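Asks: Input: one structure, supplied below.
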Amino acid sequence: MSSVTFEHVSKDFGTLSVLQDVHLHVNSGQFVALVGPSGTGKSTLLRMVAGLEPPTSGQVTVDGQSVRRPHASRTLVFQEHALLPWLTLQDNVALGLEFQGSPRSAARQQAVEWLARVSLGDFGTYYPHQVSGGMRQRAAIVRALAVRPRVLLLDEPFGALDALTRLQLQRELSGLWTGGNMTVLMVTHDVEEALYLADRVIVLGPRPGRVIADHPVPLPRPRSRTAPPLLTLRQRILADLGVDESSQLKEVTL
Numbered sequence: 001m002s003s004v005t006f007e008h009v010s011k012d013f014g015t016l017s018v019l020q021d022v023h024l025h026v027n028s029g030q031f032v033a034l035v036g037p038s039g040t041g042k043s044t045l046l047r048m049v050a051g052l053e054p055p056t057s058g059q060v061t062v063d064g065q066s067v068r069r070p071h072a073s074r075t076l077v078f079q080e081h082a083l084l085p086w087l088t089l090q091d092n093v094a095l096g097l098e099f100q101g102s103p104r105s106a107a108r109q110q111a112v113e114w115l116a117r118v119s120l121g122d123f124g125t126y127y128p129h130q131v132s133g134g135m136r137q138r139a140a141i142v143r144a145l146a147v148r149p150r151v152l153l154l155d156e157p158f159g160a161l162d163a164l165t166r167l168q169l170q171r172e173l174s175g176l177w178t179g180g181n182m183t184v185l186m187v188t189h190d191v192e193e194a195l196y197l198a199d200r201v202i203v204l205g206p207r208p209g210r211v212i213a214d215h216p217v218p219l220p221r222p223r224s225r226t227a228p229p230l231l232t233l234r235q236r237i238l239a240d241l242g243v244d245e246s247s248q249l250k251e252v253t254l
């Protein structure tokens, strides 16, 4: 596990200011969700932690060390699964382990075990195009977890899935993270998803993005989505986002 700190981070793309003076500390082992309107730099923050995007000003640190390039200890999972289409699910999961130096036979055995943990044990020899979108994303997540990153970065990992599959994968991710000893930062547009999964929900304001609210979620897991404290927090977050609470929306697309 690692701590992550954004120290007065700003980001410009040409004349467009996307992030402005973001200061945020994520404790080691926390699960933090980032919500906010589109275009406020949420995904850019993840890419900075991954070492794929430098800040224009300020600094991003992991365990006190400035992030300057990608590292195997920080893994990013995108909305689209990004599996290699010419490899089976098992070989996709094993690939990262082999890059870390595991012998091929050991990597493949670990891949089998990881796939079994998300009910894909019978599909290891299938190729990505032969399975559903939810199964592909499930494989992508365990591929990231198998290398045991200290920081897991999730960029709307369930955004392209149907509602039922999304709920199933949220439950699986919650269970995997609880025993995974890792720090998680997740971008989501689903306030309910953020509250179900995260220890804290960080709200970014309109572009240029900046932190406007930080909501702890002090509830044990597993959580009930209809628990009164979660519903109260949801109303507060929607108010932060300028959404009419009387609409009673359970999911907000921002």
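According to UniProt numbering, the sequence shown holds residues 1 to 254 in order.
Idealized CB from N, CA, C, for every residue including glycine.
Note that the structure is a prediction, hence the values are computed from the model and not measured.
(1) Put V151 into one of helix, strand or coil per three-state DSSP.
(2) Could you give the distance in angstroms between the alpha-carbon of A140 and the alpha-carbon of A239?
(3) Can you give the Cα-Cα distance for P216 and D199, rounded to whole angstroms?
(4) Please tell me whether R150 and T178 are closer than 8 Å, where the distance is taken between their beta carbons.
(5) Between which two residues does the alpha helix (DSSP H) harbouring F99 extend?
(6) Evaluate the contact criterion for the segment 105-114 versus the segment 71-80: three or more CB pairs, one atom per stretch, below 8 Å.
(7) Short of 6 Å in beta carbon distance, which residues of its chain neighbour L186, apart from the five on each side in sequence? Order them along the chain.
(8) Report all residues from its chain with a CB closer than 7 Å to the CB of M135; omit the five preceding and five following residues, and keep chain order.
(9) Report the rounded CA-to-CA distance for S17 versus R104, giving the unit in angstroms.
(10) Within its chain, find whatever has a CB closer than 6 Å to the CB of residue 256; leave out the 5 residues flanking it on each side and keep chain order.
(11) Spatial neighbours of P157 within its chain, please: CB distance less than 6 Å, with the 5 preceding and 5 following residues excluded, ordered by chain position.
(12) With T40 and G209 assumed to form a contact (beta carbons below 8 Å), what rounded beta-carbon distance in angstroms separates them?
(13) Return the CA-CA distance between R148 and Q100, expressed in angstroms with no decimal places.
(14) Just the C-alpha distance for L89 and L97, rounded to the nearest angstrom, thanks.
(15) May I ask you to list the residues that DSSP assigns as paired with E80?
(16) With H, G and I counted as helix, E and B as strand and the rest as coil, what does DSSP make of G209?
(17) Let's see if you can read the secondary structure: which residues bound the alpha helix (DSSP H) around A139?
(18) Just the Cα atoms here: how many angstroms apart are K11 and A194?
(19) Rounded to a whole number of angstroms, what is the C-alpha to C-alpha distance between E172 and A116?
(20) Go to V49, then tell me how far its alpha helix (DSSP H) extends in each direction, as first and last residue.
(21) Compute the Euclidean distance between the alpha carbons of D63 and R234, then round it to the nearest angstrom.
(22) Counting along the chain, where does the beta strand (DSSP E) carrying D21 start and finish?
(23) Does DSSP put L241 in a helix, in a strand, or in coil?
Replies: According to the data block:
(1) strand
(2) 34 Å
(3) 6 Å
(4) no
(5) L89 to F99
(6) no
(7) The identity of residue 186 in the sequence shown is Met, whereas the question assumes Leu. Contacts found: A33 and L154.
(8) L120 and F123
(9) 46 Å
(10) Because residue 256 is not part of the residues shown, which for the chain are 1 to 254, the question remains open.
(11) V77
(12) 3 Å
(13) 11 Å
(14) 13 Å
(15) DSSP output for E80 lists no bridge partner at all.
(16) strand
(17) G133 to A146
(18) 24 Å
(19) 12 Å
(20) K42 to A50
(21) 31 Å
(22) L16 to V26
(23) coil
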